[in-house]
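Structure record follows, encoded as structure tokens.
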Amino acid sequence: MHRLISLQLLLVAALLSMEWLQPPLLHAQSAALPENVDGVEVFTPEDFARFTPRTALDMVQQIPGFTISEADERRGLGQATENVLLNGKRISGKTNDAITALGRIPAGNVTRIELLEGATLDIPGLSGQVVNVISANTGGVSGQFAWQPEFRARGVSPRLTAGEASISGDLDKVAYTVSIENDAFRNGNDGPEQVFNAAGELLDLRTEQVRSSGENPVFSIALDYSADNGAIANLDLAYGEFNFDRSELSLQSGPGQADRIRDFRNSEDEWNFEGSGDYEFALGRGRLKLIGFQRFEHSPTLNFLRTEFSDGSAATGSRFERVADEGESIFRTEYNWKTAAGSDWQLATEGAFNFLDIEAELQNLDDNGVFQPVQLSGATSRVEELRGEIAATYATTLSDQWSAQSSLGAEYSEISQSGATGQTRAFVRPKGFAALTWRPDEDTNVTLRAERAVGQLNFFDFVASVNVDLANQNVSNPDLVPQQSWLGELVVTQNFAAYGSASMRLFGELISDITDQIPIGQDGEAPGNIDSATRYGLTLNATLLLDPLGWQGARLDIDLQLEDSSVDDPLSGLARPISDNLIRELEAEFRHDIPATQWAYGATYSEGREARVVRLNEIRRFVATPGDIGVFVEHKDVFGLTINAALRNLAGTEERFVRTAFVERNDGPVAFREQRVRTFGTIVSLSIRGTF
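Pasting the structure below:
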């Protein structure tokens, strides 16, 4: 790690000797775009008044045609990927995503929100619609809170501990936010499962009940400092826990078999810490930003299975215990400057050290009812990656209608794994992108982008593991390499004035060294690399405002994603979809804020499909049908609180699961087929939010 940091410091020092490091230009300091800049749509707090927002998140979620993008599972920090900026700045953390950050900003602190094209900014990596939330503390202390209880049918215990609270204020030149949140959940379903042999004859009939619960409390502190000389510093600290328990009780019977009770449980007791900080200051003609990031996670997990027989036969069972410690350390530098012609440049370097340290043990129940250790090669191991990258990015305005942005860089990665099969390998990967944006008029925006990207490895894929529930396992695979891809996309955004707006993204991806399930040795399997794959599809985010049609206060929001993919199966050689890849996802919401009242009501619909999960000894698919239909009613001022009550799963969605297991490989004879249908009943949820 010290070698990478030394290289970065040398590069920063080299900047000091360049002739263009003169006193800063007036436009070098990052600032929010003014309201009169062409191509920027500005929303003021008054535009959201009818929604009575409590946080900045409430405001952003009501911007027509805009959807907050999820944070990428990216290598290190890299360039910006989320389409939300805070006061013109990217969010530099990883688990501190845009939704979390916006939810901590009281609505009263928001000055305005700008909607603009990311490719026109001097922030490398952004394209498509981006919101810039301009906020400032009001000089006092303000806060917000939410309580989100939920009640489910089927005997599931109520969720009473979900909620959040935050306090924001100023201490001289330091703005602070202290928050605590708990993303708790309670789930459950039940129903029959049938097992058939290859000839379709019934082997087993099961009645199953599943219950799961989890607590995910997170305590965080955010500090922002602005100096008189224009320097800016941010510090974010977070400590969290994740406590998860799941049980599946199955009453089983079948022809010629004794009745059985099968008890499966899995649990996790995790704690984690994340700290990130950055410091930005004027340097010569531009600004230098130094970013540090540290994350550590400790995760003990247990998978337990025990089956007891009514005829007195010896019980059978297994348990797989694993303790995983993982961490990530990053140091990044970004130097931004403008040329006299108005073009933007950035030179960025990044060094990172990642590790995963696992200790695992498999035990099987013997005839005396005692769990005995089983040899499991490659389940205890340590994986490390030392990585460095450098990239230069250029952005310019070509004319009143055209702008361009491009980046060129390279990444060095050294991956090592301990153990008998461990090895050390090094890679150099090129990366970068080019984006061209056309704005023919103030309501239309078109961006064409091509990118060479390097994927993120999952270190758990290197290590052997066992799934005692499905009776399969992955062996160790030390030969994994990061996937690479060529990604092309076309994004078209259209503002329909009073009728709303829409944004459509068409994309295609050519992938090399994709990670999917491959054969290892004579009869083993594990995640590994397949030479090539393709993925393509579209996303649509649209808002239809119904006011011009005479329905005042009504709107319809639609988020749609469609994908198709193809990879050559490593056994048959035939093309199939990428295992578990998204096929479609649809979310729709109708909302009516009744004019001149504090009432609102609406309905929601969501559904999705994924491709089947393909292992070499089984194929399985999970489908929830017909989709989740819900209704809600909201009052925005109940003693100063906003209360939303919702009913979900009104269509009686069923969770269907089909699994085909094979004698050896999935191109050979079938061993058995499982199919089950589970229902989880109606869900009643409340959201009670307030400010102080």
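Sequence positions in the sequence shown follow the working numbering and run 174 to 865.
Every residue gets a Cβ at the ideal spot worked out from N, C-alpha and C, and that includes glycine.
Quick one: any contact between the region 716-734 and the region 798-814, if contact means 3 or more CB pairs under 8 Å? Here the region 716-734 does not lie against the region 798-814, with fewer than 3 beta-carbon pairs under 8 Å apart.
Only counting runs of 4 or more residues, tell me where the alpha helix (DSSP H) segments fall wholly within the region 370-450, in order along the chain. For the region 370-450, not a single whole alpha helix (DSSP H) run of length 4 or above is found.
With distances taken from CA atoms, which of V368, I861, P365 and G316 is nearest V351? Walking along the sequence shown from the start, residue 351 turns up at place 178. G316 is the residue among V368, I861, P365 and G316 whose C-alpha sits nearest the C-alpha of V351.
If you measure between the beta carbons of S738 and V787, is that distance less than 9 Å? The residue labelled residue 738 in the question sits at position 565 within the sequence shown. The residue labelled residue 787 in the question sits at position 614 within the sequence shown. Not closer than 9 Å, so no.
Whole alpha helix (DSSP H) runs in the region 584-628 with 4 or more residues, listed along the chain? Qualifying alpha helix (DSSP H) stretches: none in this window.
According to DSSP, which residues form a beta bridge with E558? As a first step, residue 558 must be located in the sequence shown, where it is residue number 385. BP columns for E558 point to N527 and I588.
Does P546 come out as helix, strand or coil in the three-state DSSP assignment? Taking the sequence shown and counting its residues from 1, the one referred to as residue 546 is at position 373. Three-state result, P546: strand.
Can you tell me whether K346 is buried or exposed? The criterion is at least 16 other CB atoms within 10 Å of its CB, across all chains shown. Position 173 of the sequence shown, counted from the first residue, corresponds to residue 346. Its Cβ having fewer than 16 others within 10 Å, K346 is exposed.
So, at 8 Å on beta carbons, what are the nonlocal neighbours of Q574 in its own chain, with the 5 sequence-adjacent residues on each side left out? Taking the sequence shown and counting its residues from 1, the one referred to as residue 574 is at position 401. Within the same chain, Q574 has close Cβ partners W611, R612 and P613.
Nearest-angstrom Cα distance between L198 and Y672? As a position in the sequence shown, residue 198 is number 25, starting the count at 1. As a position in the sequence shown, residue 672 is number 499, starting the count at 1. Only weak support is given to the placement of L198: the predicted model assigns it a pLDDT of 35, under 50, and the question is left unresolved by the model.
Check each candidate in E255, G249 and R419 and name the one with the smallest Cα separation from S330. Walking along the sequence shown from the start, residue 330 turns up at place 157. Checking every option, the nearest Cα to that of S330 belongs to R419.
To which residues of the same chain is A326 closer than 6 Å at the C-beta, ignoring the five residues directly before and after it? What you label residue 326 is simply residue 153 of the sequence shown in a count that begins at 1. The beta carbon of A326 sits closer than 6 Å to those of G854 and T855, all from its chain and outside the five residues before and after it, given in chain order.
Backbone secondary structure at R846 - three-state DSSP: Sequence index remark: in the sequence shown, residue 846 carries index 673 (1-based). In this structure, R846 counts as strand in the three-state DSSP scheme.
Measuring CA to CA, which of Q725, N754 and A748 is closest to L735? Position 562 of the sequence shown, counted from the start, is the residue given in the question as residue 735. Nearest of Q725, N754 and A748 to L735, Cα basis: N754.
When the Cα atoms are used, what is the spatial distance from R793 to A644? Taking the first residue of the sequence shown as 1, we reach residue 793 at position 620. Taking the first residue of the sequence shown as 1, we reach residue 644 at position 471. Approximately 13 Å, taken between the alpha carbons.
Specify whether the region 642-656 and the region 575-594 touch according to this definition: at least 3 beta carbon pairs, one from each stretch, less than 8 Å apart. The region 642-656, when compared against the region 575-594, does touch it at the 8 Å Cβ threshold.
Around the Cβ of I684, are there at least 16 other Cβ atoms within 10 angstroms (buried) or fewer (exposed)? Counting from 1 along the sequence shown, the entry for residue 684 is found at position 511. Under this definition I684 is a buried residue.
Going by beta carbon distance, what residues of the same chain come within less than 6 Å of L621, once the five residues before and after it are set aside? Translated into positions along the sequence shown, residue 621 becomes position 448. Same-chain partners within the cutoff: L609 and L663.
So for F466, helix, strand or coil by DSSP? Position 293 of the sequence shown, counting from 1, holds the residue named residue 466. It is a strand residue.
From E827, V831, F805 and D689, pick the residue whose C-alpha is nearest to that of R821; which is it? By 1-based counting over the sequence shown, the position of residue 821 is 648. For R821, the closest alpha carbon among the candidates E827, V831, F805 and D689 is that of F805.
Segment limits, beta strand (DSSP E) that includes I816: Your numbering for residue 816 matches position 643 in the sequence shown. Here the beta strand (DSSP E) through I816 covers L814 to R821.
Separation of Y567 from E388, as counted between CA atoms: Locating residue 388 in the sequence shown gives position 215, where the first residue counts as 1. Locating residue 567 in the sequence shown gives position 394, where the first residue counts as 1. Cα to Cα, the separation comes out at about 45 Å.
Classify S339 as buried or exposed, calling it buried when 16 or more other Cβ atoms lie within 10 Å of its own Cβ. If you number the sequence shown from 1, residue 339 lands on position 166. Here S339 is buried. Its C-beta has 16 or more other C-beta atoms within 10 Å.
Boundaries of the alpha helix (DSSP H) in which A488 is found, first to last residue: By 1-based counting over the sequence shown, the position of residue 488 is 315. Here A488 belongs to no alpha helix (DSSP H), and DSSP marks it neither H nor E.
Check the DSSP bridge columns for A769 and list the partner residues they point to. Counting from one through the sequence shown, the residue named residue 769 turns up at place 596. In the DSSP output, where bridge partners are listed per residue, A769 has none listed.
Can you tell me the Cα-Cα spacing of N355 and F526, whole angstroms? One-based indexing of the sequence shown puts residue 355 at position 182. One-based indexing of the sequence shown puts residue 526 at position 353. The alpha-carbon atoms of N355 and F526 are separated by roughly 30 Å.
Provide the residue span of the beta strand (DSSP E) that contains I856, from first to last. To locate residue 856, count along the sequence shown from 1; it is residue 683. That run of the beta strand (DSSP E) goes I856 to T864.
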